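Following: one structure in structure tokens, then a few remarks.
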Amino acid sequence: MLILSIILLVVGIILISISSFVAYRQDIDLREKIYLPGVLFILIGAICLIGYFVA
């Protein structure tokens, strides 16, 4: 579960970074489609990481 949480956190950070780069382009809809999954991956990864250390 530790590896899964780290992978989810890294993927989430990458997606949010890509969405901030896309923000300077004209297609705002693409930014929102990338940003929301990035936030969800970070939240799920953080919950898994907390669950790993608590359990």
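Numbering (the working numbering), first residue to last: 20 to 74. Cβ coordinates follow ideal geometry from the N, Cα and C atoms, glycine included. From a predicted model like this one, the values you see are computed outputs, not experimental measurements.
- Measure from the alpha carbon of Arg50 to the alpha carbon of each residue in Ile33, Leu62 and Ala65, then state which is nearest. Indexing the sequence shown from 1 puts residue 50 at position 31. Considering only alpha carbons, the answer is Ile33.
- Query: Are there 16 or more other CB atoms within 10 angstroms of the CB of Phe3, so buried, or fewer, so exposed?
  - Reply: Nothing about residue 3 can be reported from this structure: the residues present for the chain run from 20 to 74 only.
- Query: Excluding five sequence neighbours on each side, which residues of the same chain lie with their C-beta closer than 7 Å to the C-beta of Tyr71?
  - Reply: Here residue 71 corresponds to residue number 52 of the sequence shown, with the count starting at 1. Cβ within range, chain order: Met20, Leu21 and Ser24.
- When DSSP labels each residue in this structure, what does Arg50 get in the three-state scheme? Taking the first residue of the sequence shown as position 1, residue 50 is located at position 31. Looking at Arg50 - three-state DSSP - the assignment turns out to be helix.
- Message: Am I right that Ile11 and Gly57 are in contact with their C-beta atoms under 8 Å? What's the rounded C-beta distance?
- Response: Because the chain here runs from 20 to 74, residue 11 falls outside it and cannot be looked at.
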